[in-house]
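The sequence shown begins at 310 in this note's numbering and counts up by one.
In this text, a Cβ means the ideal position worked out from N, Cα and C, and glycines have one as well.
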Amino acid sequence: MSPAPSALVASSVRVKAPSTGAALIRMLPAAVASAVLSQWVFKCVYEALATPLTYAVVNSLKRVEGLDVFDRETDFRPVAF
């Protein structure tokens, strides 16, 4: 007598699930490292390209508003001696 089809499916799932999980666990550090590296490169390139535009916008706003604020007598030391 042959086993029921549901028993065959269940046994194949039990056998394949641990190997699939182990493969995912082995791939996870490489995938995370790749994602972190690519996001870091993207951020650096974006900031390098956006910095001149940011300076232009800030300088034009300062010129239009006639305001350029400096902290001349502010003490930023966390511990006063």
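Span separating the alpha-carbon of residue i from that of residue j
i	j	result
S347	A357	15 Å
G375	T360	22 Å
R335	V341	11 Å
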